[in-house]
Amino acid sequence: MTADAAREVRVGLIGYGFSGATFQAPLIASIAGMRITRVCSSQGERVLRDFPEAQVVADPATLIDSGEVDLVVVATSNASHAPLAKQALLAGKHVVVEKPFTITLDEGAELIALADERQLVLSVFHNRRWDSDFLTLRQTIESGLLGPINTYEAHFDRYRPNVRGRWREQDLPGSGLLYDLGAHLIDQALVLFGNPDCVNCDMGVQRGAAPSTASDDYFHLTMRYGARRVILHAASLVLQAGPRFIVHGETGSFIKHGMDPQEAALMRGERPGAPGWGVEAEAQHAQVSFVKGGLTVTGKAASLPGSYQEYYQRVFDAIINGKSAPVTAREGLAVIKIIRLAMQSHAQQRSVTFE
14 MTADAAREVR VGLIGYGFSG ATFQAPLIAS IAGMRITRVC SSQGERVLRD FPEAQVVADP
74 ATLIDSGEVD LVVVATSNAS HAPLAKQALL AGKHVVVEKP FTITLDEGAE LIALADERQL
134 VLSVFHNRRW DSDFLTLRQT IESGLLGPIN TYEAHFDRYR PNVRGRWREQ DLPGSGLLYD
194 LGAHLIDQAL VLFGNPDCVN CDMGVQRGAA PSTASDDYFH LTMRYGARRV ILHAASLVLQ
254 AGPRFIVHGE TGSFIKHGMD PQEAALMRGE RPGAPGWGVE AEAQHAQVSF VKGGLTVTGK
314 AASLPGSYQE YYQRVFDAII NGKSAPVTAR EGLAVIKIIR LAMQSHAQQR SVTFE
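Just so you know, we're using our numbering here: the sequence shown kicks off at 14 and counts up by one.
#1: Where T50 and S145 are concerned, what is the direct C-alpha to C-alpha distance, given to the nearest angstrom?
#2: Are the region 335-344 and the region 166-179 in contact at 8 Å, needing three or more beta carbon pairs?
#3: Could you pull out every unbroken beta strand (DSSP E) segment of at least 3 residues lying fully inside the region 172-235, listed in chain order?
#4: So, with DSSP's three-state summary, where would you put K99?
#5: Can you tell me which of the three DSSP states M272 falls into?
#6: Could you give the distance in angstroms between the alpha-carbon of E21 and the alpha-carbon of A45?
#7: For G270, which residues in the same chain have their Cβ closer than 7 Å to its Cβ, ignoring the five residues on either side in sequence?
#8: Spatial neighbours of M14 within its chain, please: C-beta separation below 7 Å, excluding the five flanking residues on both sides.
#9: Taking the alpha carbon of V85 as the point to measure from, which residue in A104, E283 and R141 has its own alpha carbon closest?
#10: Where L158 and F303 are concerned, what is the direct C-alpha to C-alpha distance, given to the nearest angstrom?
#11: Identify, in the order they occur along the chain, each residue of the same chain with its Cβ nearer than 7 Å to the Cβ of V218, setting aside the five sequence neighbours on each side.
#12: Near C53, which residues of its chain fall below 6 Å by C-beta distance, leaving aside the five closest residues on each side in sequence?
#13: Whose C-beta lies closer than 6 Å to the C-beta of Y321 among residues of the same chain, with five residues either side of it excluded?
#14: Look up K350 in the DSSP assignment and say whether it is helix, strand or coil.
#15: Can you find the residues in the same chain that come closer than 8 Å, C-beta to C-beta, to S43, ignoring five residues on each side of it along the sequence?
#16: Can you give me the C-alpha to C-alpha distance between K106 and V328, rounded to a whole angstrom?
#17: In this structure, how does DSSP classify A16 when only helix, strand and coil are distinguished?
#18: For a test of the three-state rule: what should DSSP assign to G312, helix, strand or coil?
#19: Rank G80, M272, A95 and L205 by C-alpha distance to the C-alpha of D119 and give the top, closest one.
#20: Are the beta-carbon atoms belonging to V212 and A355 less than 8 Å from one another?
#21: Take H233 and list the residues in its own chain whose beta-carbon comes closer than 6 Å to its own, dropping the five residues that flank it on each side.
#22: In the structure shown, what three-state DSSP assignment does P141 receive?
#23: Who are the near neighbours of R237 in its chain, counting only those whose CB is closer than 7 Å to its CB and skipping five residues on each side?
#24: Using the C-alpha atoms, what's the distance from Q362 back to D330?
#25: Starting from the C-beta of G33, find all residues in its chain whose C-beta is less than 6 Å away, skip the five residues before and the five after it, and write them out in chain order.
#26: Taking the beta strand (DSSP E) that T50 falls in, what are its first and last residues?
#27: Starting from L127 and walking both ways along the beta strand (DSSP E), at which residues does that stretch end?
#28: Just verifying my parser: in three-state terms, what is the DSSP assignment at F303?
#29: Taking just the CA atoms, how far does L308 sit from L190?
#30: Should F31 be labelled buried (16 or more other beta-carbon atoms within 10 Å of its own) or exposed?
#31: Going by alpha carbons, who is nearest to D273 out of A299, V251 and A248?
#32: With a 10 Å radius around its C-beta and 16 neighbouring C-beta atoms as the bar for buried, classify E293 as buried or exposed.
#33: Does the beta-carbon distance from A196 to P288 come in below 8 Å?
#34: Where does Y29 fall in DSSP's three states?
#35: Relative to the alpha-carbon of V102, which residue among T153, S55, D83 and N91 has its alpha-carbon at the smallest distance?
#36: Could you tell me whether the Cβ atoms of L346 and I125 are closer together than 8 Å?
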């Protein structure tokens, strides 16, 4: 093996639906030293149009067992994450799992033990750590400008009045808004504040389908940290969305509207490295107010550029250079624990302690 080949990560992508085609494949292809060699998909023509040098296979086992794959990326339905990741780890492959990590805690713990035993990289694709607005908010909080945070509120609201026939919107294990958008909001909150004292959640089905056949399309989750309240909210019947972030500290406030532009850019076929990649419009910059020297100062905080590609750059560095994964499997499992506690809280209509 040549020195250059030794510094290449050959990627096998399982799934070429929305996540695989819109997020995983373009971001992987943007990283020097990463190459997609195998794709498991029933959409062979689409795959080869995008990646003519890749080999399309019909069976995940064929991809996992290939000698031309170092890293397996699992971009399939949530219920298949654990079995496919386990199969890949047993075959000696590094693994990236689309969020959410697994459905249950036991599944995640088993995968972590396998990866540790075999000294393999196992990471969860929580790409929204690299949203423009979240990077800006995190920098603002860490600067101390807002003082200790007392209230943190994050929304991921959409207007999608019709229940579609996708697995995400059916009453299936691992489906629903809490596992989907909730996983993003929870991960961001855990990055900022760590594990909470307790969790309280209300969730439900608000759209026209009968609750027995549709998954949750609304949740309101509160995590308590002593006096601090972290409020995470998502709904599917919000025609005119309010602020994305509302954050108040002892000395300042941060109010932010609008969504990071990277998903929309990827859907348009744009790629990392293009002019203006990840840059928000000035109209979407956050309003920040803070007290200093007895004066109240209010102004706009210029958004940092979003950088989803940073996730796969760090995966490459973890595999080739032994650095830490961008999102560890244990961090992914912490998100699942909050989701499971939130579901317990809703079912029992009470706050549940985080232990």
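All C-beta atoms in this analysis are idealised placements derived from N, C-alpha and C, irrespective of residue type, glycine included.
Walking through what the data contain:
#1: 31 Å
#2: no
#3: 211-217
#4: helix
#5: DSSP places M272 in the coil class of the three-state scheme, outside both helix and strand.
#6: Rounded to the nearest angstrom, the two C-alpha atoms are 8 Å apart.
#7: The question names Gly, but residue 270 is His in the sequence shown. Once the five neighbours on either side are set aside, the close Cβ partners of H270 are P256, R257 and Q297.
#8: Bear in mind that a pLDDT of 42 at M14, under 50, signals an unreliable position, so the number given afterwards is only what the model happens to contain. The answer is none, since no qualifying residue turns up.
#9: A104
#10: 7 Å
#11: Closer than 7 Å at the Cβ level, and outside the excluded window around V218, lie P224, A227, D229 and D230.
#12: I27, V70, P73 and L76
#13: L40, N140, W143 and Q275.
#14: helix
#15: The residues are R284, P285, G286, Q322 and Y325.
#16: 13 Å
#17: Only weak support exists for where A16 lies, its pLDDT of 43 falling under 50; the value from the coordinates is given anyway. It is helical.
#18: strand
#19: A95
#20: yes
#21: Sequence-distant partners of H233 (beyond 5 residues in either direction) whose C-beta falls short of 6 Å from its own C-beta, in its chain, are D215 and H246.
#22: As written in the sequence, residue 141 is Arg, which differs from the Pro given in the question. It is helical.
#23: P209, D210 and C211
#24: 44 Å
#25: L26 and A88
#26: M47 to C53
#27: Where L127 is concerned, there is no enclosing beta strand (DSSP E), although the alpha helix (DSSP H) it sits in stretches over L118 to R131.
#28: strand
#29: 42 Å
#30: With fewer than 16 other Cβ atoms within 10 Å, it is exposed.
#31: A299
#32: Buried: at least 16 other Cβ atoms inside 10 Å.
#33: no
#34: coil
#35: According to the sequence displayed, residue 102 carries Leu and not Val. Measuring from the Cα of L102, the nearest candidate turns out to be D83.
#36: Between L346 and I125, the CB-CB gap stays under 8 Å.
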